[in-house]
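Structure record follows, encoded as C-alpha cells.
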Amino acid sequence: TDITERKLTEEALRKARDELEIRVQERTRELSQANIELHSEIAERRRAEEKLKESEQSYKTLVQTSRDMIFTVDLKGNFLFTNQAFGKILGYSAEELKRLNGFELVHPEDLEAVKVQFARLVEGESVDNMEYRYRKKDGFYISILNSAAPLLDSKGKVVAAFGVARDISQRKRAEEALRASEGTTRALLNASHGIALL
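Just so you know, the sequence shown maps onto residues 1 to 198 in my numbering.
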C-alpha cells in the first residue's frame with residue numbers, strides 16, 4: 001500500500017506539474033500576445049505623436065506667416081497670443097502686446113460696440129466681420145475687419161477667444177475717395193443741368 005500510495009502521489013504530482021506547465025505555456029502565450037499588442041500600440045502612439053507634431057508645426061507656420069493679425073485673448077480682453085503680423089502692423093513687440101488689453105487699443109468711438117460683440121464671444125457665440133479702429137503704437141488708428149470665435153475647454157466652458165483681423169485701412173480710404181469723387185461728380189452734374197437750362 002505504501003508503494004501504491006507513493007505511485008498515486010507521484011502520479012498526482014506529475015499531473016499537477018503537467019497542468020502547471022500547460023498553464024505557464026498558456027500564460028506565456030497570453031503575455032507574449034499582450035507584449036506584441038503593447039509594442040504595436042506604442043508604435044501607433046509614436047506615429048500619432050509625430051503626426052501631431054507635424055500638424056502643430058504646420059499650424060504654427062501658417063499662423064506666424066499669415067499677413068492677417070491672429071490673436072487670442074482671455075475673457076477680460078488681455079492678449080495671450082499674437083502672431084508676427086499683429087505686432088508688425090501695430091508696431092508693438094509680442095512682449096508689449098502681452099502686457100496690453102485689447103480694449104485699450106480700440107478707438108473710443110468704437111469701444112462700446114466692440115464690448116457688446118465681446119460679450120457675445122464670452123457667451124459662446126462667434127462674431128464675424130466686425131469693423132472697428134485700432135490704435136497703433138505711433139498713435140495713429142487703422143481700420144480692421146475682425147472675426148472671432150470662443151475657445152472652449154474640455155467641458156464646453158468658454159475660456160478665451162480667438163480672432164483673425166485684417167487691416168482694411170486702404171480699402172476704407174479708397175471707399176472714402178470714391179464717395180468724395182461721386183459727390184463731386186453729382187455736384188458737377190447738378191450744376192451742369194442748371195447751366196444747360198440757361
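Glycine residues also receive a C-beta, built at the ideal position from the N, C-alpha and C atoms.
Just so you know, these numbers come straight off a predicted model, no measurement behind them.
Contacting residues, own chain, Cβ-Cβ under 8 Å from residue i (five flanking each side not counted)
i, result
"Leu198", "Confidence at Leu198 is low in this model, with a pLDDT of 47, below 50, so the placement of that residue is unreliable and no value is reported for it."
Where the alpha helix (DSSP H) through residue i begins and ends
i, result
"Leu90", "Gln84 to Leu90"
"Val114", "Leu111 to Val122"
"Lys98", "Ala94 to Lys98"
Nearest-angstrom beta carbon gap, residue j and residue i [assumed within contact, 8 Å]
i, j, result
"Tyr132", "Val114", "5 Å"
"Gly87", "Ala94", "6 Å"
"Leu75", "Val122", "6 Å"
"Lys98", "Phe79", "6 Å"
"Tyr134", "Leu105", "5 Å"
Beta-carbon proximity check, residue i vs residue j, cutoff 8 Å
i, j, result
"Arg166", "Ile142", "no"
"Val63", "Ala160", "no"
"Ser66", "Asn83", "yes"
Residues near residue i in its chain [Cβ-Cβ closer than 7 Å; skip 5 each side]
i, result
"Lys136", "Leu90, Gly91 and Ile142"
"Phe81", "Phe71 and Thr72"
"Phe118", "Gly77"
Residue range of the beta strand (DSSP E) that includes residue i
i, result
"Phe162", "Val158 to Asp167"
Beta-bridge pairing of residue i - partner residues as DSSP gives them
i, result
"Asn35", "DSSP, once it has assigned bridges, lists no residue as partnering Asn35."
"Ser143", "Arg133"
"Leu127", "At residue 127 the sequence reads Val, which differs from the Leu that was named. In DSSP, Val127 forms a bridge with Ala148."
"Phe71", "Thr82 and Gly163"
"Val24", "DSSP, once it has assigned bridges, lists no residue as partnering Val24."
"Val106", "Tyr134"
Other residues of its chain near residue i: CB distance less than 6 Å, five sequence neighbours each side excluded
i, result
"Asn146", "Met130, Gly163 and Ala165"
"Thr184", "none"
"Gly77", "Asn101, Gly102 and Phe103"
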